[in-house]
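A short worksheet on the structure shown next.
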Amino acid sequence: MNSLFSLFKALTKNWLRSKSGMFFSILFPITLLIIFTAVFGGQDDVQYTLYIQNNDTTNGEASELSEEFIQGLQEADTFNLIEVEPGEDLKKGLSDDETAFEAARRGLIIPEGFHEKSMDKITTLRTGTMQDSLTQLKEEYGEYMTEEERQEITKGMEQMKTYPQDMDAAEGASITLLINEGDQAAPMIKGALRGVVDTFNQKAMGIEDSAVKVESESLVSENLEAVDYYLPGFIAAFIMTNGIIGVTTTVTEFKRNGVLKRLAATPLTKVKWILANIMQQTLLAFVLTAIMILIGMILFNVRVFPDIYAVGFILVGAITFSAIGMVLGGFIKDVEAASGAGNAIAFPMMFLSGAFWSVQMMPEYLQSIAEVLPLYHFHQGLINIMILGNPGEALHHLLVILGFTVVFILLAFKTTRWKEL
Amino acid sequence: MGQGTCPRVPVRKGVIALIDVKNLTKRYGEFMAVDNISFEVKEGEIFSLLGPNGAGKTTTIEILQGLKIPTSGQVSVLGYDIYKEEKKIKEQIGVMPQNFNALERLSARENIQLVADIYGKGNKVEEVLELTGVSEFHSKVYLNLSGGMKTKVGIGMALVSDAPLLFLDEPTTGLDPQARREVWDMIEKLKGLGKTIMLTSHYMEEVERLSDRAAVMINGKIQTIGEISYLINNYGGHTKLTTRKDQNTAEILNREAQQVFEPSNGEDLITGVFDNKQSAKKAVIALYEKDYDVKIVEPSLEEAFISLSGSKINEKGELVS
Chain A
107 MNSLFSLFKA
117 LTKNWLRSKS
127 GMFFSILFPI
137 TLLIIFTAVF
147 GGQDDVQYTL
157 YIQNNDTTNG
167 EASELSEEFI
177 QGLQEADTFN
187 LIEVEPGEDL
197 KKGLSDDETA
207 FEAARRGLII
217 PEGFHEKSMD
227 KITTLRTGTM
237 QDSLTQLKEE
247 YGEYMTEEER
257 QEITKGMEQM
267 KTYPQDMDAA
277 EGASITLLIN
287 EGDQAAPMIK
297 GALRGVVDTF
307 NQKAMGIEDS
317 AVKVESESLV
327 SENLEAVDYY
337 LPGFIAAFIM
347 TNGIIGVTTT
357 VTEFKRNGVL
367 KRLAATPLTK
377 VKWILANIMQ
387 QTLLAFVLTA
397 IMILIGMILF
407 NVRVFPDIYA
417 VGFILVGAIT
427 FSAIGMVLGG
437 FIKDVEAASG
447 AGNAIAFPMM
457 FLSGAFWSVQ
467 MMPEYLQSIA
477 EVLPLYHFHQ
487 GLINIMILGN
497 PGEALHHLLV
507 ILGFTVVFIL
517 LAFKTTRWKE
527 L
Chain B
15 MGQGTCPRVP
25 VRKGVIALID
35 VKNLTKRYGE
45 FMAVDNISFE
55 VKEGEIFSLL
65 GPNGAGKTTT
75 IEILQGLKIP
85 TSGQVSVLGY
95 DIYKEEKKIK
105 EQIGVMPQNF
115 NALERLSARE
125 NIQLVADIYG
135 KGNKVEEVLE
145 LTGVSEFHSK
155 VYLNLSGGMK
165 TKVGIGMALV
175 SDAPLLFLDE
185 PTTGLDPQAR
195 REVWDMIEKL
205 KGLGKTIMLT
215 SHYMEEVERL
225 SDRAAVMING
235 KIQTIGEISY
245 LINNYGGHTK
255 LTTRKDQNTA
265 EILNREAQQV
275 FEPSNGEDLI
285 TGVFDNKQSA
295 KKAVIALYEK
305 DYDVKIVEPS
315 LEEAFISLSG
325 SKINEKGELV
335 S
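Note that the protein sequences, when read in sequence, are chains A and B.
Sequential numbering of the first sequence, starting at 107, is according to my numbering.
Sequential numbering of the second sequence, starting at 15, is according to my numbering.
This is the structure:
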């Protein structure tokens with residue numbers, strides 16, 4: 107039997123029988139995938155807890171407009187509203203509430219006089235609008251009107267001016283949002299609240315329909331869920347960590363315990379040693395990918411399926427990252443240092459490459475760092491192939507990764523010692 | 015490997031010394047690990063490098079195996095030049111490195127099979143398992159084997175190359191006496207199969223029992239080299255006979271021995287020291303004829319080592335004075 111294949115087989119068996127190896131390279135990523143998807147996957151249905159206190163009541167009866175506003179909040183479907191009795195100190199209550207999660211301490215106060223102040227402002231605004239309309243009407247169509255009609259309009263406008271003077275200064279009503287600025291959901295909550303307020307204002311002005319509407323359309327052909335987007339990120343990130351952390355520690359351990367010397371004393375060549383390790387790691391990458399997709403399909407109804415392009419991409423990625431592991435394992439002497447170095451490289455790369463979030467969320471200088479990281483291109487390539495159905499775009503990333511592959515394989519050959527062990 | 019003899023050694027024609035080392039030096043910076051040594055290993059013999067830890071034994075043997083690059087000197091193994099023909103050498107030797115390890119979660123058999131496949135000698139596995147006794151625990155995972163079992167697997171991995179020349183670097187270090195003796199038996203069996211074996215060790219008893227020839231190595235230098243009997247006869251001191259002291263024994267010992275003394279530990283004993291074996295033999299016969307019990311202390315390699323180095327080697331392989 108070919109010695110390369112024999113070594114590959116032996117390394118694979120040795121790895122398959124390692125409980126800790128199995129845990130870190132397969133179970134750990136899967137556990138994270140499940141947690142991550144469970145947390146972020148169903149984001150569409152997320153409801154934010156919001157304590158609401160309506161102080162605009164008379165004898166326990168809520169005023170008409172305040173009730174209408176609360177109804178608007180309910181219809182928005184973003185909030186899990188919890189009503190608080192009027193008169194209580196909501197701010198203090200929220201700060202003192204030890205049972206609530208820090209994040210769930212949010213409150214909205216509708217002040218006393220909400221209805222009245224809103225009404226005043228609505229009247230002012232409507233009157234203003236009406237005056238404008240009448241003035242415009244008179245100017246543009248005045249010559250076509252009869253004298254009688256013109257007088258009617260002038261009389262109406264005079265009458266409007268007799269409304270109480272203070273109404274001109276109507277401020278309108280304010281509601282108070284109590285929120286912790288550290289609350290991660292703050293932007294979403296503020297946005298949703300603004301939407302509810304805008305709708306309320308429009309309705310108050312008598313506008314039931316809107317001039318501009320937003321319609322969103324999916325860029326991808328199939329109807330994909332959030333998990334479909336996370337999956338390539340997870341696959342890419344853990345093929346990377348398995349290569350950079352896993353291979354580095356394994357190879358260093360072989361060097362320390364004398365396995366490497368044992369093999370170097372046979373006719374086996376250094377090239378075959380490097381290749382067999384990379385092959386073993388690549389097999390692991392495919393096993394991991396298959397299990398992740400399977401779990402995604404069973405638990406989260408994932409619909410992406412790797413085609414031949416994706417398989418090719420995973421192959422090249424796995425080779426690159428295990429080659430990096432071989433490079434590090436080549437010159438690092440002890441196992442602790444190997445795992446330290448592996449972690450020090452893998453984790454920053456994982457976070458900087460946008461595998462778990464879009465790189466566009468990061469400052470520009472970090473984005474430019476991302477572009478020189480192999481994981482960025484690996485992930486972008488996988489996204490383009492698996493999600494966006496765009497193998498053409500992935501080609502550019504593939505070429506970049508192939509460049510990394512060649513460089514790291516050559517470096518691995520340089521750092522791996524086959525003599526003077 | 016076959017029964018009885020090894021197939022004709024596939025070395026260059028006319029090679030009698032399977033290993034030929036001339037003026038070999040290996041330097042690490044200022045440190046001379048191997049300092050201008052020369053020796054030969056002949057076909058069919060067991061040749062040992064005897065010395066304490068740090069003497070340069072492993073460095074020397076690893077240079078011969080192609081695992082280290084010499085600083086200077088000429089080295090040929092099986093007639094091949096170590097600088098130019100390392101690949102050919104590696105194909106035709108069997109190696110058990112010092113403190114080696116196998117893949118921990120593979121069984122004893124799987125590890126031997128792996129090395130056999132690398133040499134392209136997959137068909138030798140069963141034979142080697144039988145010969146080394148690994149067959150008794152072949153399916154056990156390497157990690158769970160005892161020290162003695164691991165050594166057997168190690169010898170199996172060396173043997174499965176089916177090579178005429180074997181290198182065993184400290185094969186019994188750290189083993190208990192029982193396991194050590196089993197390994198010795200096995201090495202003797204290998205010699206019986208026609209293998210040429212180069213051994214390193216710091217155990218006097220091991221070298222004395224197994225080797226045909228040995229080189230005493232200290233601080234990177236070979237102090238002396240030769241057949242075991244030569245080393246003992248030249249450096250091993252004198253034969254000593256000790257028996258109960260009375261008129262008869264005193265008379266016999268005073269007649270045959272070059273020197274007679276009474277041990278000072280208070281017991282009623284007398285000891286004769288002999289320059290040569292001939293006179294010692296006469297004394298032993300004379301004492302036996304009169305039914306005396308005789309304790310014979312023969313010259314040994316240990317004595318030889320002490321007289322060569324002025325020190326002893328302890329169980330851990332350290333030089334102690």
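For glycine and all other residues, C-beta sits at the position ideal for the given N, C-alpha and C.
Item	Value
Chain A residues whose Cβ lies nearer than 7 Å to that of B/Asn113	Gly364
From B/Asp260, B/Asp226, B/Asn233, residue whose alpha carbon lies closest to that of B/Tyr244	B/Asp226
Any C-beta of chain A under 8 Å from that of B/Lys27	Confidence at B/Lys27 is low in this model, with a pLDDT of 49, below 50, so the placement of that residue should be treated as unreliable; the coordinate-derived value is given next. Not closer than 8 Å to any Cβ of chain A, the Cβ of B/Lys27 fails to qualify, so no.
Every unbroken beta strand (DSSP E) inside the region 270 to 310 of chain B [3 residues or more]	273 to 275, 283 to 288
Three-state secondary structure (DSSP) of A/Ser109	helix
is_contact[A/Lys119, chain D] using C-beta, thresh 8 Å	Checking the listed chains, one finds no chain D in this structure; the protein chains it contains are A and B.
Nearest-angstrom beta carbon gap, A/Leu196 and A/Leu284 [assumed within contact, 8 Å]	7 Å
Reduced DSSP secondary structure (H/G/I, E/B, other) of B/Gly28	Reliability fails at B/Gly28, whose pLDDT of 49 lies under 50, so the model's placement of it is uncertain and no value is given.
Rounded straight-line distance, which links the Cα of A/Lys244 to that of A/Gln257	10 Å
Below-8 Å beta-carbon distance, B/Asp131 vs any chain A residue	yes
Residues bridged to B/Arg41 (per DSSP)	B/Met46
Chain B within 8 Å of A/Lys439, Cβ atoms only	no
Below-8 Å beta-carbon distance, B/Gly331 vs any chain A residue	no
Distance CB(A/Leu481)-CB(A/Ala500) smaller than 8 Å	no
Neighbouring residues, chain A, relative to B/Val109 (Cβ below 7 Å)	Ala371
Residue nearest to B/Lys205 in terms of C-alpha spacing, selected from B/Ser323, B/Pro178, B/Lys101, B/Glu220	B/Pro178
Members of the region 66 to 85 of chain B that neighbour chain A once the beta carbon cut-off is set at 9 Å	Glu76, Gln79, Gly80, Leu81, Lys82, Ile83
Counted within 10 angstroms of its Cβ, other Cβ atoms place A/Tyr250 as buried (16 or more) or exposed	exposed
C-beta neighbour in chain B for A/Arg523, strict 8 Å	no
Within-8 Å CB hit, B/Lys40 to chain A	no
Own chain partners of A/Phe220 with C-beta closer than 7 Å, once the 5 adjacent residues on each side are dropped	Asp162, Ser169, Leu171, Ser172, Ala279
Chain A contacts made by the region 116 to 145 of chain B, where a contact means CB separation under 9 Å	Ala116, Leu117, Glu118, Arg119, Leu120, Glu124, Asn125, Gln127, Leu128, Val129, Ala130, Asp131, Ile132, Tyr133, Gly134, Gly136
Span of the alpha helix (DSSP H) around A/Ala279	Premise fails: A/Ala279 is in no alpha helix (DSSP H) and is neither H nor E.
is_contact[A/Leu374, chain B] using C-beta, thresh 8 Å	yes
A/Thr241 burial status per 10 Å Cβ neighbour count (16 or more: buried)	exposed
Test item: CB-CB of A/Ile384 and A/Met432 under 8 Å	yes
Partner residues on chain A for B/Lys166, Cβ-Cβ distance less than 7 Å	Those within 7 Å of B/Lys166 in chain A number zero; the least Cβ separation is about 15 Å.
Cα-Cα separation between A/Lys198 and A/Gln290, rounded to whole angstroms	21 Å
N- and C-terminal bounds of the beta strand (DSSP E) containing B/Lys71	First-last for B/Lys71: 71 to 78, but that is the alpha helix (DSSP H), not the beta strand (DSSP E).
Same chain, Cβ closer than 8 Å to A/Thr395, neighbours up to 5 away in sequence not counted	Ile341, Ile345, Pro412, Ile420
Three-state secondary structure (DSSP) of B/Lys330	coil
Inter-residue spacing [alpha-carbon to alpha-carbon] between B/Asn50 and B/Leu38	5 Å
Environment of B/Arg194 [buried if 16+ CB atoms lie within 10 Å]	buried
Cβ-Cβ separation, B/Gly251 to B/Pro185 (assumed contact under 8 Å), whole Å	The Cβ separation is near 28 Å, so there is no contact.
Integer-rounded CB distance, given that B/Glu54 should sit under 8 Å from B/Ile83	That pair is no contact at about 21 Å.
Residues near B/Glu317 in its chain [Cβ-Cβ closer than 6 Å; skip 5 each side]	Gly250, Gly251
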